[in-house]
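First the structure, in the form of structure tokens, and then the observations on it.
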Amino acid sequence: MTEYAASAVAPSLSYELYPPRNDQAKSKTVDVISALAASAPDYVSVTYNGTPERRRASVELIGHLIEHTRLRPLAHLTCVGETRESLDRLVNHLVALGVRGVLALRGDKPEGAEHDAASAHGELPFARYLVELIRNVENRRSASLAAGRLAIGVAAYPTRHPESPTFRHDVEVLLAKERAGANFAITQIYFDPADYTNLVREARAAGVTIPIVPGIMPVNNERRLLRLCELSGLEPDEALRARLADASSDAERHRIGVGHAAELAQAAFDGGAPGLHLYTFNDARSPLDVVDALQLTGSGTADAREGADYGDADALS
Ligand code: FAD
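Just so it is clear: in the sequence shown, position 275 is 272 by our numbering, and no numbers are missing.
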């Protein structure tokens, strides 16, 4: 289980991927996976959202990682709009595929859904109930999971979640997720090193003991920065936005994005961060440059068995 969070010897290194949108993107994803594997990440997480096809594509990518690479997957899972039964089935399916780590999330409510509409929320209104559901599945499958428990990660927020009344409320929610059975947390993207330090300090003061891994994205263009902030309800960092806007070439924008991400990560490590989770946007170059700048190596296997087939995994139907 510790492979998914802090190790006693070195900080963990992990990357986030999203499932490819078409066949052409699939072969690019295989290349990205091969490139990322060279840094021996402790695990690679796969996002889960959108249409049923997109969700199937997530499960297919997980299957690919398990069958054709030596990388350890962390399957994101969301409970918004789902029934207990469908989630139970999906968790069982993932475990049967070989998944041993899940990032339990509520997910964003479907666009246009009323805040209190039961159909939009599904049967589990908050991520902590999904953590409990996963632990229940684990208990029922304990015989086949004899080698160890499932690792369950959850989201944490260095700046207030857009739906939360206060930042303190988010910290209490994180504590509730730990008490429900979460083993570690990964943070939302943030732009100011003090936001991560503050989150960890407040969380510890409130009684949170699980590792809180900083989630950092190298952002190398202004448009992406603004879109990212729009999607996650974050305030764009004005200084970073201005530097990207003023840059005169892609190479300069790349240096700015990588440099900013590396500074955030270094500050988090200086403050005792147990690992680094890099959001990749399915692009290997920027995250690998951040890893190089920090002279970091994961504790996983640097082997992606390049050129493996992709698409024959038993995706959930
Ligand atoms: P929760 O912890 O359930 O919190 C959701 C909101 O409800 C918060 O405002 C919280 O304060 C509030 N809340 C929780 N419990 C209570 C309570 N008991 N009473 C009152 N209020 C409460 N989204 C996807 O769709 N797919 C992904 O793959 C994905 N990956 C992500 C990965 C990371 C590392 C992070 C940080 C986020 C990711 N998200 C993803 C986004 C996430 O789903 C959204 O931020 C979502 O809005 C909240 O999810 P959560 O798990 O934090 O929910």
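Don't be surprised by glycine CBs; every beta carbon is placed ideally from N, CA and C. Every value quoted in this text rests on a predicted model; they were computed, and no experiment measured them.
Heavy atom of the ligand FAD within 6 Å of residue i beta-carbon
i	result
residue 359	Residue 359 lies beyond the stretch modelled for the chain, which goes from -2 to 314, so this question has no answer here.
residue 46	yes
residue 103	yes
residue 212	yes
residue 322	The question about residue 322 has no answer, for the chain in this structure spans -2 to 314.
residue 120	no
residue 123	yes
residue 79	no
residue 160	yes
residue 156	no
residue 263	no
residue 140	no
residue 170	yes
residue 75	yes
residue 54	no
residue 152	yes
Rounded C-alpha distance that separates residue i from residue j
i	j	result
residue 10	residue 34	11 Å
residue 68	residue 180	20 Å
residue 127	residue 135	12 Å
residue 79	residue 199	32 Å
residue 94	residue 278	25 Å
residue 36	residue 61	19 Å
residue 251	residue 138	46 Å
residue 8	residue 163	30 Å
residue 82	residue 125	17 Å
residue 293	residue 262	11 Å
residue 155	residue 86	32 Å
residue 122	residue 76	7 Å
residue 298	residue 255	24 Å
residue 295	residue 84	31 Å
residue 16	residue 44	7 Å
residue 39	residue 18	25 Å
residue 182	residue 247	33 Å
residue 147	residue 92	9 Å
residue 353	residue 230	Summary: the structure shown does not reach residue 353, with the chain confined to residues -2 through 314, and so no result is reported for it.
residue 166	residue 203	11 Å
residue 258	residue 211	11 Å
residue 159	residue 185	12 Å
residue 194	residue 98	26 Å
residue 171	residue 153	6 Å
residue 274	residue 213	6 Å
residue 270	residue 1	14 Å
residue 233	residue 118	28 Å
residue 112	residue 106	For residue 112, the predicted model reports a pLDDT of 49, less than 50, meaning its position is unreliable and no value from the coordinates is stated.
residue 205	residue 30	33 Å
Where residue i falls, given that 16 or more other Cβ within 10 Å makes a residue buried
i	result
residue 236	exposed
residue 57	buried
residue 12	buried
residue 286	buried
residue 21	exposed
residue 72	buried
residue 289	exposed
residue 191	exposed
residue 103	buried
residue 228	exposed
residue 54	buried
residue 66	buried
residue 52	buried
residue 283	buried
residue 304	Low confidence applies here, because residue 304 scores a pLDDT of 43, under 50, leaving its location unreliable; read the following figure in that light. By the 10 Å Cβ count, residue 304 comes out exposed.
Residue i - partner residues in DSSP beta bridges
i	result
residue 75	102
residue 273	10
residue 40	11
residue 212	274
Closer than 6 Å: residue i CB and nearest the ligand ATP heavy atom
i	result
residue 185	As presented, the structure is devoid of the ligand ATP, carrying the ligand FAD as its sole ligands.
Across the stretch 212 to 219 and the stretch 164 to 176, are there enough close Cβ pairs to call them in contact, namely three or more that are closer than 8 Å? no
Could you check whether the stretch 235 to 249 touches the stretch 261 to 269, counting it as contact only if at least three pairs of C-beta atoms, one from each stretch, sit closer than 8 Å? no
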